[in-house]
Amino acid sequence: MANESVSRTFGVAAGVCVVCAVIVAVASVSLKGVQERNKALDKNVNILRAAGLVRPGEKVSSGKVEELFANAKRVVVDLATGEIDEDADPDAVEADKNNVVALAKEDDVASIKTIPQKTVVYLFNDENGRLKTAVLPIVGSGLWSIMRGYLALDGDLTTVAHIVFYDHGETPGLGGEISNPLWTAKWEGKRALDDDGKPIVKVIKGTAAPESSDVDGISGATLTGDGVTKTVSFWLGDKGFGPFLKKYKADNPSENDETGKERR
Ligand SMILES: Cc1cc2nc3c(=O)[nH]c(=O)nc-3n(C[C@H](O)[C@H](O)[C@H](O)COP(=O)(O)O)c2cc1C
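Numbered according to this note's numbering, the sequence shown terminates at residue 1555, and the numbering increases by one at each position without gaps.
Encoded structure:
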């Protein structure tokens, strides 16, 4: 066969394709475990950031992550009743594809259509075994995208400890600033709920008064800010973690005092 024949050219191209496909397939299969471990590590680092145990951008080893989780309890919460399901396995709950409930349009403040029936919450205790921070997963619609994050409350379950958005598709420099630690720091110490447990923390246009439950808006990104307000209101409200927060406070009256805030 001549070196420059058409069939030889196609034959070589096909051979290269097969070899490349095999290399990619082998790499993909053999790296799957590493990818999953990295994904789990990334998730745990975001939870620790929300709990205030890892600074934004800080690199932490998997050993350090494990150590920082030593005082944390992963609990399964039934959103409708607010009860902690002690018998449920958090991993099984997170993997369960049937763990979804449709939201009525009027209840769907965060524009997410469905919520889990049961969800995993992270409770971090202080050295005396008292609740220091509760990390709650949150999800809601921004201007362009679904925003996923964690809202952490102090031990009083009323004051914002931290907020972290780890996944969204808002515009970098505009709505994308929701994941900028300089902006999320503005949430810290804000009172999230009033005395009746109603969500009051909100993003406003402009600069917020220091003692208020308002958070400075991001200029040029009012619509994403509105999405964040709706997301936080939904998850702190009756269809989200509202029943859990009320029940936990009622069941643990000693946690529900001003020292919950001081324990931060
Ligand atoms: C290309 C482009 C991307 C934008 N991305 C965002 C965004 O991610 N979040 C947002 O709230 N507004 C975004 N906006 C601006 C909104 O359309 C709207 O003007 C803005 O939210 C109003 O905020 P302001 O009242 O603070 O100006 C974008 C606008 C353009 C042209």
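In this text, a Cβ means the ideal position worked out from N, Cα and C, and glycines have one as well. Model, not experiment: these values are computed from the prediction.
- With a threshold of 8 Å, the Cβ atom of T1498 does not count as near ligand 1, since no heavy atom of the ligand is closer than that.
- Contact check between the segment 1431-1440 and the segment 1392-1408: three or more CB pairs, one atom from each, fall below 8 Å, which counts as touching.
- In the structure shown, the three-state DSSP call for A1361 is helix.
- Relative to N1362, the option among L1344, S1545, V1368 and G1497 whose CA is nearest is L1344.
- V1455 and N1389 have their C-alpha atoms roughly 27 Å apart.
- Under the Cβ criterion (8 Å, minimum of three pairs), the segment 1367-1379 counts as touching the segment 1410-1420.
- At the C-beta level, I1469 and A1499 stay beyond 9 Å of one another.
- G1508 has its Cβ nearer than 8 Å to a heavy atom of ligand 1.
- Beta-carbon to beta-carbon, L1527 and L1484 are separated by about 6 Å, close enough to satisfy the 8 Å threshold.
- The continuous stretches of beta strand (DSSP E) do not include I1403, and DSSP gives it neither H nor E.
- Across the set K1477, K1530 and L1514, the C-alpha of K1530 shows the shortest separation from the C-alpha of A1395.
- In the three-state scheme derived from DSSP, where H, G and I count as helix and E and B as strand, G1518 is classed as helix.
- With a cutoff of 8 Å, T1462 counts as near ligand 1, since its C-beta is closer than that to a heavy atom of the ligand.
- Comparing alpha-carbon positions, the option among V1336, A1371, G1373 and A1342 lying closest to K1355 turns out to be V1336.
- About 4 Å separates the beta carbon of A1341 from that of A1443, a gap short enough to meet the 8 Å contact definition.
- Per DSSP, V1455 lies in no alpha helix (DSSP H) segment; the continuous beta strand (DSSP E) that holds it begins and ends at V1451 to D1458.
- For the 9 Å CB-CB criterion, G1518 and D1507 do not form a contact.
- K1493 has D1505 as its beta-bridge partners, per DSSP.
- DSSP places V1351 outside both helix and strand once states are collapsed to three, so it counts as coil.
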